[in-house]
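Quick note: the sequence shown uses full-length UniProt numbering, first residue 1, plus one each step.
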Amino acid sequence: MRPIDGLTVLTAAEMRTAEQASGVDEAALMDRAGAAIAEVVRRIGGGQEVLVLCGPGNNGGDGYVAASALRQAGIPVRVAALSDPRTDLARRARAGWAGPVEPIAEASAAPVLLDALFGTGLSRGLDEPVVESLHALSIRAVLTIAVDLPSGVATDSGALLSAYPGAALTLALGAPKPAHLLLPAAPLCGTVRVLDIGIAARSQASVLPVASLRSPAVDAHKFSRGMVAVVAGRMPGASALAASAAARVAGYVLLIGSATDRLPHAIVRRRWAEDALFDPRIGAVVIGPGLGPDEEARAKLNAALASDHALVIDGDALRLLDPARLRSRASPAILTPHEGEFAHLFPDVKGSKIDRARTAAGESGATVVLKGPDTIIAAPTGEVRLAARHVPWLATAGSGDVLAGLTGALLAGPDTTALAAASSAVWLHTEAARIAGPALIADDLTLALPAAIAQAGA
Ligand SMILES: NC(=O)C1=CN([C@@H]2O[C@H](COP(=O)(O)OP(=O)(O)OC[C@H]3O[C@@H](n4cnc5c(N)ncnc54)[C@H](O)[C@@H]3O)[C@@H](O)[C@H]2O)[C@H](O)CC1
Ligand SMILES: [K+]
């Protein structure tokens with residue numbers, strides 16, 4: 001049983017391909033899955049009675065195998081089914097279960113509820129009477145565990161096809177799926193752990209790994225650690241937050257055109273001028289936090305786009321940007337839109353959150369950080385990282401400005417890529433929020449960054 005950080009994420013179709021490519025007989029895979037599920041249930045169920053709910057497909061098949069293994073281990077276990085099994089594999093698993101099978105509507109509750117109704121094959125919402133039984137049994141259970149996925153969530157989009165009571169634990173088979181990470185499904189999964197069933201998972205998507213940062217090299221100097229220019233605008237507090245966050249990572253932070261001097265003294269200030277960005281030592285420019293919507297903002301964005309620098313484009317600058325202008329630039333760009341900004345930037349891009357982020361990155365040639373409780377980072381290559389953790393306290397003014405500054409600082413650093421910089425920034429941002437704790441304000445995030453950076457190994 002493994003935590004999901006850094007693991008490859010598979011869609012339902014990719015899971016089927018991986019299963020076929022594994023060379024392992026399908027029945028053997030189901031036996032492994034069922035045995036692994038039973039082992040976890042036995043360990044954490046404390047010997048209490050288990051009720052296994054089995055659906056008609058192979059998710060139900062996993063349930064029958066797990067029930068048989070639990071019974072063999074001496075755990076009291078009952079099985080309730082929706083209908084007879086409909087796949088050969090599930091029929092085989094059902095045949096291996098020596099006990100009775102109750103109709104789900106008549107089943108009485110047990111302290112441990114194992115939901116093996118539907119997995120990756122769910123194609124529509126569960127029938128209403130089934131939803132009602134599931135809720136009634138879950139309310140009376142002490143512990144609800146979902147096999148592979150909570151029954152009712154769409155594997156690839158995380159959409160909720162029918163109401164689900166919520167599991168404490170979801171045991172993902174072989175690999176995490178998008179629904180384990182995307183809203184609204186993700187919180188209904190509870191803790192997600194992966195059971196290894198001997199499948200090699202390959203795809204371009206993975207769960208955001210724990211950031212891995214190195215301390216500065218022994219011979220580091222401030223410029224070799226990275227120099228960031230933060231372009232200020234009409235609301236100086238926002239760029240001050242971005243610069244303050246950047247200063248925790250970069251060796252040198254230049255704040256350009258800011259009207260506030262309420263800043264750490266470590267941040268160097270300069271007036272805005274047409275040539276303000278003409279400094280070859282600049283490793284990345286952050287533009288957007290507090291920039292404003294006016295002509296001056298437009299001129300600053302034009303200057304940033306005309307420069308050779310790597311860019312982090314956030315906030316107000318996303319309202320002014322034509323993403324087509326990024327295509328001709330040689331240096332990387334990172335866009336950090338929330339859903340509203342994304343819709344403004346890419347009005348024709350539709351699909352699941354993963355599809356949209358990936359298409360936008362492919363079209364613009366930029367790395368796209370589509371922010372939200374289920375932040376997704378997509379690179380133009382099609383690579384995608386899905387954030388696994390979220391701290392709701394991050395929904396506060398200035399939080400995005402801190403992320404933009406942090407992203408710029410990491411992008412300006414040595415030996416990195418836009419995808420790596422954005423990934424580490426998102427991880428550090430959440431970790432700083434976790435450390436700052438409830439009722440945080442954005443300023444607290446900058447103060448918590450040293451501890452977050454230490455957690456990332458630096
Ligand atoms: N892929 C693997 O490596 C392994 C997967 N295992 C398990 O198998 C399921 C996927 O099984 P599948 O049979 O494809 O799908 P489901 O069990 O999710 O059920 C599909 C079944 O149900 C019908 N159906 C769909 N939606 C509904 C609905 N709302 N109401 C009624 N019926 C519905 C559909 O037509 C199918 O007949 C995967 O999640 C794993 O748990 C293996 O056992 C291990 C290897
Ligand atoms: K399930």
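Beta carbons: idealized from backbone N, C-alpha and C, even for Gly.
Between the CA atoms of residue j and residue i - distance to the nearest angstrom
i	j	result
residue 521	A297	The requested residue 521 is not part of the displayed model; the chain covers only 1 to 458.
R43	L411	44 Å
A141	G174	26 Å
V228	A303	15 Å
S307	P380	21 Å
F342	T8	25 Å
P184	T11	17 Å
E49	R78	8 Å
L208	D401	21 Å
A220	L311	23 Å
L305	L326	8 Å
G63	A110	15 Å
L449	G413	16 Å
Residue of the options minimising C-alpha distance to residue i
i	options	result
A456	S424, D261, R124 and R434	S424
P216	G55, S224 and V210	S224
G23	A200, F118, P209 and L173	A200
H338	V286, D275 and A404	A404
R389	T191, V9 and P438	T191
A259	P184, A240 and E26	A240
H429	I354, D316, I256 and V249	V249
L419	T367, T375, G400 and I441	T367
L161	G121, V79, G198 and I197	G121
G55	V268, S352 and S123	S123
I4	S68, L188, S206 and A109	S206
G365	A330, A107 and A232	A330
A422	V286, T396 and K300	V286
S203	G166, I75 and T17	T17
A432	I282, T417 and P392	P392
I37	L291, A146, G158 and S157	A146
Closer than 7 Å: residue i CB and nearest ligand 1 heavy atom
i	result
G23	no
M1	no
A95	no
P100	no
P56	yes
G121	yes
G457	no
R86	yes
L160	no
D127	yes
A141	no
D156	no
T19	Looking at the sequence provided, one finds Glu at residue 19 rather than Thr. Flag set: Cβ of E19 near ligand 1.
G251	no
R16	yes
I376	no
D62	yes
A33	yes
G198	no
L7	no
R124	yes
Beta-bridge partners of residue i, as assigned by DSSP
i	result
E102	A80
T191	L169
M227	Y252
R214	In the DSSP output, where bridge partners are listed per residue, R214 has none listed.
I75	BP columns for I75 are empty, so no partner.
R270	I256
R2	V194
Within-8 Å CB hit, residue i to chain C
i	result
A360	Judged by its chain identifiers, the structure shown contains no chain C, having just a single protein chain.
Beta carbon shell of ligand 2 at less than 7 Å from a heavy atom: N59, D115, A116, L117, F118, G119, A146, V147, D148, L149, P150 and S151
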